[in-house]
Amino acid sequence: MSKVYDWFEERLEIQAIADDVSSKYVPPHVNIFYCLGGITLTCFLVQVATGFAMTFYYRPTVTEAFASVQYIMTDVNFGWLIRSVHRWSASMMVLMMILHVCRVYLTGGFKKPRELTWVTGVILASLTVSFGVTGYSLPWDQVGYWAVKIVTGVPDAIPVVGSFIVELLRGSVSVGQSTLTRFYSLHTFVLPLLTATFMLMHFLMIRKQGISGPL
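Going by my numbering, the sequence shown opens with residue 71, and the numbers climb by one from there.
Shown next as structure tokens:
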């Protein structure tokens, strides 16, 4: 086993990486409120794991979506638990994100030289809300359907381009199969990819600049 480790150590310098990660200085003013970002990340990882598990059974069609969710809740082993964890961790993620943004703002974490960290954080907050909007529609029940209809209809008030944006979001003039397909693709592929990218940027900048100090 030691020979295997030595082989990887010679090529990857694992110990140097471990030392760099474990020896980072933590300012004395840091308290539990500085952990809100990490809790948000944990919720996101739980979302990815439970969401991936449900993709094995969920069917993104207007005729089968609701029935497939019911099947997950009643017939799949521990399906009720997986979906419940997914649902409540989503709410927890939004709550922790809001508290994290408030903490950063109140402690001046957006000031120089952390402007880009703040910008990526705001983008991540927007992506989190987008997760909620798209995920809310996937069961395709009455609540989900009308939520999609209202949300996608909001841009219609924008002059000139409003109707184009509405049709772009819905995939057609009215809410239907194309809308559900787009929201499913956004929720399971586009948004996770964007979130992972901006999270990486966010944490790399925090790693580089360190944790912001108190006011």
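Ideal placement from N, C-alpha and C gives every residue a C-beta, glycine not left out.
Is the Cβ-Cβ distance between residue i and residue j less than 7 Å?
{"i": "Thr-120", "j": "Val-155", "result": "yes"}
{"i": "His-170", "j": "Gly-205", "result": "no"}
{"i": "Gln-117", "j": "Ser-159", "result": "yes"}
{"i": "Thr-198", "j": "Met-167", "result": "yes"}
{"i": "Ser-233", "j": "Gly-241", "result": "no"}
{"i": "Thr-144", "j": "Phe-268", "result": "no"}
{"i": "Arg-184", "j": "Gln-279", "result": "yes"}
{"i": "Ser-200", "j": "Leu-261", "result": "yes"}
{"i": "Pro-225", "j": "Val-236", "result": "yes"}
{"i": "Ser-282", "j": "Gly-202", "result": "no"}
Closest by CA to residue i, which one among the options?
{"i": "Ser-207", "options": "Phe-268, Phe-253 and Met-71", "result": "Phe-253"}
{"i": "Ala-135", "options": "Ser-282, Thr-251 and Gly-280", "result": "Thr-251"}
{"i": "Met-124", "options": "Lys-73, Gln-140 and Met-271", "result": "Gln-140"}
{"i": "Phe-126", "options": "Ser-92, Val-146 and Tyr-104", "result": "Val-146"}
{"i": "Thr-133", "options": "Pro-98, Thr-265, Leu-239 and Asp-211", "result": "Asp-211"}
{"i": "Met-271", "options": "Asn-101, Leu-194, Val-231 and Leu-106", "result": "Leu-194"}
{"i": "Gly-223", "options": "Cys-113, Thr-110, Val-243 and Glu-83", "result": "Val-243"}
{"i": "Arg-153", "options": "Tyr-128, Val-164 and Tyr-175", "result": "Tyr-128"}
Classify residue i: buried if its beta carbon has 16 or more other beta carbons within 10 angstroms, exposed otherwise.
{"i": "Met-71", "result": "exposed"}
{"i": "Pro-130", "result": "buried"}
{"i": "Ile-228", "result": "exposed"}
{"i": "Ile-220", "result": "exposed"}
{"i": "Ser-255", "result": "exposed"}
{"i": "Arg-277", "result": "exposed"}
{"i": "Leu-106", "result": "buried"}
{"i": "Gly-246", "result": "exposed"}
{"i": "Phe-114", "result": "buried"}
{"i": "Met-75", "result": "Note that residue 75 is Tyr in the sequence shown here, rather than Met. The residue is exposed, with fewer than 16 neighbouring Cβ atoms inside 10 Å."}
{"i": "Pro-97", "result": "exposed"}
{"i": "Gly-108", "result": "exposed"}
{"i": "Ser-93", "result": "exposed"}
{"i": "Leu-95", "result": "The sequence given here places Tyr at residue 95; Leu does not occur at that position. So Tyr-95 ends up on the exposed side."}
{"i": "Ile-142", "result": "buried"}
Helix, strand or coil for residue i? Go by DSSP, reduced to three states.
{"i": "Ile-193", "result": "helix"}
{"i": "Met-71", "result": "coil"}
{"i": "Leu-165", "result": "helix"}
{"i": "Tyr-206", "result": "helix"}
{"i": "Ile-281", "result": "coil"}
{"i": "Pro-183", "result": "coil"}
{"i": "Pro-229", "result": "coil"}
{"i": "Ser-242", "result": "coil"}
{"i": "Val-139", "result": "helix"}
{"i": "Val-218", "result": "helix"}
{"i": "Thr-131", "result": "coil"}
{"i": "Gly-149", "result": "helix"}
{"i": "Thr-177", "result": "coil"}
{"i": "Phe-259", "result": "helix"}
{"i": "Thr-112", "result": "helix"}
{"i": "Thr-125", "result": "coil"}
**Request:** With a floor of 4 residues, list each alpha helix (DSSP H) that falls wholly inside the segment 72-110, ordered by position along the chain.
**Result:** 72-82 and 84-92
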